[in-house]
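Residue numbers (our numbering): 54 to 90. All remarks here apply to the structure that follows.
Below you can see the structure in the form of structure tokens.
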């Protein structure tokens, strides 16, 4: 895989991860809600 593509994917991943963290996707209550459904 070309280095430029790897860098683009890394930036996209970091951006999406930041969005999910800001939305508390990994919060214990949210995870429990998902697991119990």
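Beta carbons: idealized from backbone N, C-alpha and C, even for Gly. Since the model is a prediction, treat every value here as computed from it, not as a measurement.
Subject >> Coil, strand or helix - residue 19 by DSSP >> reply: One cannot answer for residue 19 here, as it falls past the ends of the chain, which runs 54 to 90.
Can you find a heavy atom of the ligand HEM that lies under 6 Å from the Cβ of residue 68? The ligand content of the structure shown is nil, which means the ligand HEM is not present either.
> Just the Cα atoms here: how many angstroms apart are residue 65 and residue 89?
Replying inline: Using only the alpha carbons, I get a separation of about 30 Å.
Review point. When the Cα atoms are used, what is the spatial distance from residue 59 to residue 70?
Key: 16 Å
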